[in-house]
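*Asks:*
Number of protein chains: 4
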Amino acid sequence: MRFFSDNAAAVHPAVLEAMVAANHVDTAYDGDALSRTLDGAFSDLFGTDCAAMWVSTGTAANCLALASMVPPHGGVLCHREAHINTDEGGAPEFYTHGAKLIPLEGEGAKLTPETVRAGRRAIRPDVHQVQPHALSITNATEYGLVYTPDEVAALGEATRELGLGFHMDGARFANAMATLGGHPGDVTWRAGIDALSFGFVKNGGLSAEMLIFFRQEWADVAKMRRKRAGHLNSKGRYQAAQVLALLEADRWLDNGRAANAGAATIAGAAGSRLVLPVEANEIFLRLTTDEAAALRAQGFDFYDWGVGEARIVTSWDQPQAEIDALAAAIRTFGS
Amino acid sequence: MRFFSDNAAAVHPAVLEAMVAANHVDTAYDGDALSRTLDGAFSDLFGTDCAAMWVSTGTAANCLALASMVPPHGGVLCHREAHINTDEGGAPEFYTHGAKLIPLEGEGAKLTPETVRAGRRAIRPDVHQVQPHALSITNATEYGLVYTPDEVAALGEATRELGLGFHMDGARFANAMATLGGHPGDVTWRAGIDALSFGFVKNGGLSAEMLIFFRQEWADVAKMRRKRAGHLNSKGRYQAAQVLALLEADRWLDNGRAANAGAATIAGAAGSRLVLPVEANEIFLRLTTDEAAALRAQGFDFYDWGVGEARIVTSWDQPQAEIDALAAAIRTFGS
Amino acid sequence: MRFFSDNAAAVHPAVLEAMVAANHVDTAYDGDALSRTLDGAFSDLFGTDCAAMWVSTGTAANCLALASMVPPHGGVLCHREAHINTDEGGAPEFYTHGAKLIPLEGEGAKLTPETVRAGRRAIRPDVHQVQPHALSITNATEYGLVYTPDEVAALGEATRELGLGFHMDGARFANAMATLGGHPGDVTWRAGIDALSFGFVKNGGLSAEMLIFFRQEWADVAKMRRKRAGHLNSKGRYQAAQVLALLEADRWLDNGRAANAGAATIAGAAGSRLVLPVEANEIFLRLTTDEAAALRAQGFDFYDWGVGEARIVTSWDQPQAEIDALAAAIRTFGS
Amino acid sequence: MRFFSDNAAAVHPAVLEAMVAANHVDTAYDGDALSRTLDGAFSDLFGTDCAAMWVSTGTAANCLALASMVPPHGGVLCHREAHINTDEGGAPEFYTHGAKLIPLEGEGAKLTPETVRAGRRAIRPDVHQVQPHALSITNATEYGLVYTPDEVAALGEATRELGLGFHMDGARFANAMATLGGHPGDVTWRAGIDALSFGFVKNGGLSAEMLIFFRQEWADVAKMRRKRAGHLNSKGRYQAAQVLALLEADRWLDNGRAANAGAATIAGAAGSRLVLPVEANEIFLRLTTDEAAALRAQGFDFYDWGVGEARIVTSWDQPQAEIDALAAAIRTFGS
């Protein structure tokens, strides 16, 4: 029973069906009929004109977004534990040609306007220090917390004041939206977000993530960079098909809700063991070495998270039986 | 009727079936059961131990290969019309961090040992000039010519003498092998090739191309670079499934043969209009502006190639009726 | 007797005196009293507001200029034999993060508006091909020819039309101006030049070259890039002192004239042996192997230039006796 | 009276004399008679064969050293407050093509083997995290502390164990050696250092810093990178002359001692105000806002260092009267 990553989840059947349905001759790259609908589909979803491009990975989406905002000699303010800083093998530095990630602190990998302003103030405005050009946040965060529209808007105000671009890594944007409810424009462009990495792969997709530019004027250059990075698939229609299938009938939201519901059940069982509130599909909890071993002996796969803690992740397709079994097993430890 | 690119072709049904069959939970990235068989499958195919990694595009395969051979301050000898020099949006320069492509000439985009040696000799061995570290050839070439094992081996000898790595862009390797027959090791590692971009997308694949290292020791670094370039798909099993489906029962070769056969039929009709011999699935022929317009009026799509010439490309799934129709239409112009 | 490079020349005594005079405590980097006068001094010289920064080498000046104009995914139109393309060890690719130099042809390393327009037209405006963002010319050229203000203005018109930045590599700008006479603004900003590498080292300087931005708004970013490239000397006043000494009393022009005069004398002796007109301080002439050997036996140092030709360069401090001796020696060969 | 930076100091008269003495025709770049003696001169000084190259700035020396050790996808372990991490405008990222600086903590900007080993252990050895390839330390540190040979050797042992290259930023190596006494090989190559940035500019030089490779096999590539970075001055003899003048008669050591002596005098006056021991030529001490203002009113220039602290730096040529005056002024505040 897999609780170590939502990347291990299967693909939603509707996604595969859409790919099969797309299996005919069409124009190469992103000139096909499906890819050409993406700008419109996402403009509808977000309630504003935006430019939408598929890429194969969240890494590529994040890095193309950052490269749009930050020159090689610039920097990116982000949380020290942001995925872009810790788990993308230096991809942001590659795509930006050596921009510097400037780490900030905050509980649960969340940033506040105060942290951001203090981070900016700590840098002398001269040529000897790397000047930040963007702020990047993750929603839901790497620790499963969710930024509200108000929180993002407060950060957005800081970015405008400090002359920073504003990027949201939404690898788990669906999980965040499932928690937030409301309109997806509220926590993004209306709150000052310039570019969003909108994750679909953890959410039932196969190989297509979306990069959404609320500053459409950045899209043309980003398309050149996408090609230059080898991310302009020659049969792009199979990328577009995946995303459109998940947008249809709000499947992306349903999938986000399903994953979150599983996490909520387990969180309920974990009670006071929880290290952080569970707001999306990740649970961080205290487990002794013996308890962790006991869970593994019962077939539960998950990551240790430092000493005495563990990370559990639920997926869109996690069988209810697995969730109930894990919740029950945790309950037996007491809280 | 589409004759402008084999990128527009559909995906082979067996590929989609294999992806559907892979649709269950498995380890993320390239730790899954299918991806772990690739080294073995390609070692069997080539008759030598090799390391095999999937990527999304031929651009990524080519550039990861070049980055393995060439430091940022180095250069790559290649044909002036090589795809890496003309049609990858500067991706080789991106992945290599600014290495220089050093263009050489040759009929039909083919290079000879003499050209390569002369190209190397024209560069002073000092710090003021960029020193070549690799040779890259394309097989089949951008003009549809095929290098024989002997021709590659002669180039391979030159690379060893000159201290160069040796890369083959095999976007149409299947078409080349369909023409050559024989063992795929003969035109690659036995002829001195260090790394091969083995194309599957034009050949019935969906989004998986393979990068084959005959110098296995390069693979570990290339895997880091793959991640850093955002090409480590989180659900890699769907990439591996595609490739394995095309390897099975030599489907890749059958598809190459099918595309080549279509081209041969059209070449027969073109006769003395041919600008170059047709050795794979591309036809370059003389067409007047009126003739080109007449073909387009009949529904044939293809590219003009300079003034008075055209490029026609056949695909693995090209309907025989389309091929016969185009051959007949060309025949009406006389030769 | 050294005729192989004006880089081998000594430093003008006034330069060394100015450095000695600057030898006292002052603010570090470019905050010192001398460096702060440079913008004004060059604005006076060129008759327009410009931003002027010292760097250690012409390579750095050229590359910082290009990086101001060209994004990593862009290209630079230049002559195939431009110094930036052949003799800077890949520095333009380093500073621009992999932009592509797009080589054009032209007699004597000179470009025309027709060549530039044709070069641009040959590139499809799509993401697969690298799009040019700048034009770079060298004045005097690598073959000692001089662009007139009208010629530069015609190129400048083409750059405006094609949306290109316009850079002049003026490693031998003093020699060009010595030939042209007139106002230095005419062949630069009035003709559309956006940034000029103004060479002082070949002209009697020691280690200071100037980068002049006629688009002052580019200077701030270029200063960040200069620091990032390790070219912000900590004792900048000794850089500024050199340049100011050569500006004083038009020493730079006198030195250019002196070098050109030596070349003119030798050109007169070479007569019909000349491969190209001699317009600055470089002479390209036909010499048989035996003639070249005979000159070397008499102590003349110079470069062979392919088979049967040689390059001779005169310097600002070349003794008249050396010039006369070389002219006489060449005359003995007949023309 | 300037106590804010040893970069503001004048040039030693012997340096200028040596430059004047070098003022004659010689081979360009680093082929001249003086540059060719550098390998030998530094091999003698360090008691082992080494390769020695001049560059214009410490930034360039540091970054060329790091680029020799660290691939673009790798990382550099260093102190969080290392100059390379905080004050070089992103130059290490530029020269290494995006390698990541991985910050470690330690009092007075000093690292220990334990810190280094823990830093390495915190990084998972997989493709998702940037793997360190080098350790860089600064001696004397950014806080004026000096690593002893034993301390460096202990770090050196850790680097060998962890497979890291080992770089020493010796912008103030002369000050460190003045404190340590003994042989310069003991604190460098005998302790495991692979490359040393040996600072001369703060020590009485003008524009020449040295990069010393104790792994000579790295020098050839570094020379290519130097050219590519625009740091191969065309009149290199004036760079070599500076360094040779400071090596002669141990002037570099005398200058280091002179600067340190000034610092010791001021440290004696500061007494318990010292924040850190004074081991070289930098003094960090507690000063109230009023005290700082009072010193400035008396003409002393220095940097505030956060709230309630100040940094004072002494130079090789600091007049004794200035030192005595500052010591006396501090003494009046009491300790």
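Residue numbers (our numbering), protein chains in the order written: chain A, -11 to 323; chain B, -11 to 323; chain C, -11 to 323; chain D, -11 to 323. Think of the CB as a built atom: it goes at the ideal place given N, C-alpha and C, for glycine as much as any other residue.
Return no unless some Cβ of chain A is closer than 8 angstroms to the Cβ of lysine 88 of chain D.
*Replies:* Stepping through the fourth sequence from its first residue, residue 88 of chain D is reached at position 100. Interface residue, yes.
*Asks:* Could you name the residues that DSSP lists as bridge partners for tryptophan 42 of chain C?
*Replies:* Start at 1 with the first residue of the third sequence, and residue 42 of chain C comes out as number 54. Looking at the DSSP assignment, tryptophan 42 of chain C forms a beta bridge with C:Met198.
*Asks:* Name the residue from A:Gly187, A:Ile200 and A:Leu241 whose alpha carbon lies nearest to the alpha carbon of leucine 168 of chain A.
*Replies:* Mapped onto the first sequence, residue 168 of chain A falls at position 180. Its Cα nearest to that of leucine 168 of chain A, the residue A:Leu241 stands out among A:Gly187, A:Ile200 and A:Leu241.
*Asks:* Please check if any C-beta of chain C sits within less than 8 angstroms of the C-beta of glutamate 130 of chain B.
*Replies:* Position 142 of the second sequence, counting from 1, holds the residue named residue 130 of chain B. Not an interface residue.
*Asks:* Could you check whether the Cβ of glycine 107 of chain D sits closer than 8 angstroms to any Cβ belonging to chain A?
*Replies:* On the fourth sequence, residue 107 of chain D is found 119 positions in, with the first residue counted as 1. No, no contact with chain A.
*Asks:* Note down, one range per segment and in chain order, each beta strand (DSSP E) of at least 3 residues found wholly within the region 123 to 208 of chain D.
*Replies:* 153 to 158, 183 to 186 and 197 to 201
*Asks:* Could you tell me whether the Cβ atoms of glutamate 130 of chain B and histidine 71 of chain B are closer together than 8 angstroms?
*Replies:* The sequence position of residue 130 of chain B within the second sequence is 142, counting from 1. The sequence position of residue 71 of chain B within the second sequence is 83, counting from 1. For the 8 angstroms CB-CB criterion, glutamate 130 of chain B and histidine 71 of chain B form a contact.
*Asks:* Take glutamate 76 of chain C as the anchor and find which of B:Thr45, B:Met41, B:Pro101 and B:Arg112 has the nearest alpha-carbon.
*Replies:* For this step, residue 76 of chain C is matched to residue 88 along the third sequence. Selected option, being the one with the closest Cα: B:Arg112.
*Asks:* Under 8 angstroms, with one C-beta from each stretch per pair, do the region 225 to 233 of chain B and the region 4 to 20 of chain B reach the 3-pair mark?
*Replies:* Counting Cβ pairs under 8 angstroms, three or more are found: they touch.
*Asks:* Specify whether the region 147 to 154 of chain C and the region 164 to 184 of chain C touch according to this definition: at least 3 beta carbon pairs, one from each stretch, less than 8 angstroms apart.
*Replies:* Yes, they touch.
*Asks:* With respect to the beta strand (DSSP E) encompassing valine 64 of chain D, which residues constitute its N-terminal and C-terminal limits?
*Replies:* Here residue 64 of chain D corresponds to residue number 76 of the fourth sequence, with the count starting at 1. It spans 62 to 67 - the beta strand (DSSP E) in which valine 64 of chain D sits, taken as one unbroken run.
*Asks:* Comparing C-alpha positions only, which one of C:Gly192, C:Lys190, C:Arg214 and C:His121 sits nearest to leucine 199 of chain C?
*Replies:* For this step, residue 199 of chain C is matched to residue 211 along the third sequence. Considering only alpha carbons, the answer is C:Arg214.
*Asks:* Relative to the C-alpha of tyrosine 83 of chain A, which candidate in A:His67, A:Ser56 and A:Asn269 has its C-alpha closest?
*Replies:* By 1-based counting over the first sequence, the position of residue 83 of chain A is 95. Considering only alpha carbons, the answer is A:Ser56.
*Asks:* Tell whether a beta-carbon distance below 8 angstroms holds between threonine 74 of chain C and glutamine 117 of chain B.
*Replies:* Sequence index remark: in the third sequence, residue 74 of chain C carries index 86 (1-based). Sequence index remark: in the second sequence, residue 117 of chain B carries index 129 (1-based). In this structure, the beta-carbon distance from threonine 74 of chain C to glutamine 117 of chain B falls below 8 angstroms.
*Asks:* Hey, does phenylalanine -8 of chain B have any beta-carbon neighbour from chain C nearer than 8 angstroms?
*Replies:* Taking the second sequence and counting its residues from 1, the one referred to as residue -8 of chain B is at position 4. Judged by the 8 angstroms Cβ criterion, phenylalanine -8 of chain B is not in contact with chain C.
*Asks:* Are valine 43 of chain A and alanine 87 of chain A touching if we call contact CB-CB under 8 angstroms?
*Replies:* For the purposes of this step, residue 43 of chain A is taken as the residue at position 55 of the first sequence. For the purposes of this step, residue 87 of chain A is taken as the residue at position 99 of the first sequence. Not a contact, by the Cβ cut-off of 8 angstroms.
*Asks:* May I have the straight-line CA-CA distance separating aspartate 278 of chain D from proline 60 of chain A, to the nearest angstrom?
*Replies:* Start at 1 with the first residue of the fourth sequence, and residue 278 of chain D comes out as number 290. Start at 1 with the first residue of the first sequence, and residue 60 of chain A comes out as number 72. Between aspartate 278 of chain D and proline 60 of chain A, the C-alpha separation is close to 41 angstroms.
*Asks:* Run through chain A and tell me which residues come within less than 7 angstroms of glutamate 85 of chain C, C-beta to C-beta.
*Replies:* Here the question's residue 85 of chain C lines up with position 97 in the third sequence. For the record, residue 85 of chain C in the displayed sequence is histidine; it is not glutamate. In chain order: Pro60 and His85.
*Asks:* Does the beta-carbon distance from glycine 46 of chain C to glutamate 197 of chain C come in below 8 angstroms?
*Replies:* For the purposes of this step, residue 46 of chain C is identified with residue 58 of the third sequence, where counting begins at 1. For the purposes of this step, residue 197 of chain C is identified with residue 209 of the third sequence, where counting begins at 1. Yes; because the gap between Cβ atoms is below 8 angstroms, this pair is in contact.
*Asks:* Anything in the region 144 to 159 of chain D with a Cβ closer than 8 angstroms to a Cβ of chain C? List those residues in chain order, please.
*Replies:* none
*Asks:* Answer with buried or exposed for threonine 253 of chain D, where buried requires no fewer than 16 other C-beta atoms within 10 angstroms of its C-beta.
*Replies:* Against the fourth sequence, residue 253 of chain D aligns to sequence position 265. It counts as buried.
*Asks:* Considering Cα atoms alone, identify which of B:Arg68, B:Glu81, B:Ile311 and B:Ala106 is closest to leucine 96 of chain B.
*Replies:* Residue 96 of chain B sits at position 108 when you count from the first residue of the second sequence. Contrary to the premise, residue 96 of chain B reads as glycine rather than leucine in this sequence. Comparing alpha-carbon positions, the option among B:Arg68, B:Glu81, B:Ile311 and B:Ala106 lying closest to glycine 96 of chain B turns out to be B:Arg68.
*Asks:* Is glutamine 230 of chain D buried or exposed, if buried means 16 or more other CB atoms sit within 10 Å of its CB?
*Replies:* Working through the fourth sequence from its first residue, we reach residue 230 of chain D at position 242. Label assigned to glutamine 230 of chain D: buried.
*Asks:* Mind checking if leucine 52 of chain D is an interface residue toward chain B, Cβ cutoff 8 angstroms exclusive?
*Replies:* Counted from its first residue, the fourth sequence places residue 52 of chain D at position 64. Taking Cβ atoms only, chain B never reaches closer than 8 angstroms to leucine 52 of chain D, which makes this a no.
*Asks:* How would you list, in chain order, the residues of chain B whose beta-carbon sits under 9 angstroms from the beta-carbon of leucine 220 of chain D?
*Replies:* By 1-based counting over the fourth sequence, the position of residue 220 of chain D is 232. Ordered by position in chain B, the residues that pass the 9 angstroms Cβ test against leucine 220 of chain D are Val115 and His116.
*Asks:* Between leucine 184 of chain C and glycine 158 of chain C, which are expected to be in contact by the criterion C-beta below 8 angstroms, what is the C-beta distance as a whole number of angstroms?
*Replies:* As a first step, residue 184 of chain C is located in the third sequence; it is residue number 196 there, counting from the start. As a first step, residue 158 of chain C is located in the third sequence; it is residue number 170 there, counting from the start. So it is a contact: roughly 5 angstroms between Cβ atoms.
*Asks:* Counting only Cβ-Cβ distances shorter than 7 angstroms, please list the residues of the region 60 to 84 of chain A near chain B, keeping chain order.
*Replies:* Gly77, Gly78, Ala79 and Phe82
*Asks:* Mapping the DSSP letters down to three states, classify leucine 273 of chain A as helix, strand or coil.
*Replies:* The sequence position of residue 273 of chain A within the first sequence is 285, counting from 1. Secondary structure at leucine 273 of chain A: strand, using DSSP grouped into helix, strand and coil.
*Asks:* Between which two residues does the alpha helix (DSSP H) carrying valine 104 of chain A extend?
*Replies:* Within the first sequence, numbered from 1, the residue matching residue 104 of chain A stands at position 116. Where valine 104 of chain A is concerned, the enclosing alpha helix (DSSP H) stretches over 101 to 109.
*Asks:* What does methionine 198 of chain B touch in chain D if you count any residue whose Cβ is under 7 angstroms from its own?
*Replies:* By one-based count along the second sequence, residue 198 of chain B stands at place 210. Residues of chain D passing the Cβ test: none, with the nearest at roughly 18 angstroms.
*Asks:* Assuming arginine 347 of chain B and valine 13 of chain A are in contact, meaning their beta carbons sit under 8 angstroms apart, how far apart are those beta carbons, in whole angstroms?
*Replies:* No answer is possible for residue 347 of chain B: the residues shown for chain B start at -11 and end at 323.
*Asks:* Closer than 7 angstroms by beta-carbon distance: list the chain A residues that pair up with methionine 212 of chain C, in chain order.
*Replies:* For the purposes of this step, residue 212 of chain C is taken as the residue at position 224 of the third sequence. His61 and Val115, listed in chain order.
*Asks:* Is it a yes or a no for the region 289 to 304 of chain A touching the region -7 to 1 of chain A, going by three-plus beta-carbon pairs under 8 angstroms?
*Replies:* yes
*Asks:* Which bits of chain A does arginine 216 of chain C rub up against, with CB to CB less than 9 angstroms?
*Replies:* As a working mapping, residue 216 of chain C is identified with position 228 in the third sequence. The answer, in chain order, is Pro60, His61, Gly86, Val115 and Val118.
*Asks:* State buried or exposed for tyrosine 291 of chain D, treating a residue as buried only when at least 16 other CB atoms are found within 10 Å of its CB.
*Replies:* For this step, residue 291 of chain D is matched to residue 303 along the fourth sequence. Around the beta carbon of tyrosine 291 of chain D, fewer than 16 other beta carbons lie within 10 angstroms, which makes this residue exposed.
*Asks:* On the criterion of 16 or more Cβ atoms from any shown chain inside 10 Å, does proline 120 of chain A qualify as buried, or is it exposed?
*Replies:* Residue 120 of chain A sits at position 132 when you count from the first residue of the first sequence. Proline 120 of chain A should be labelled buried.
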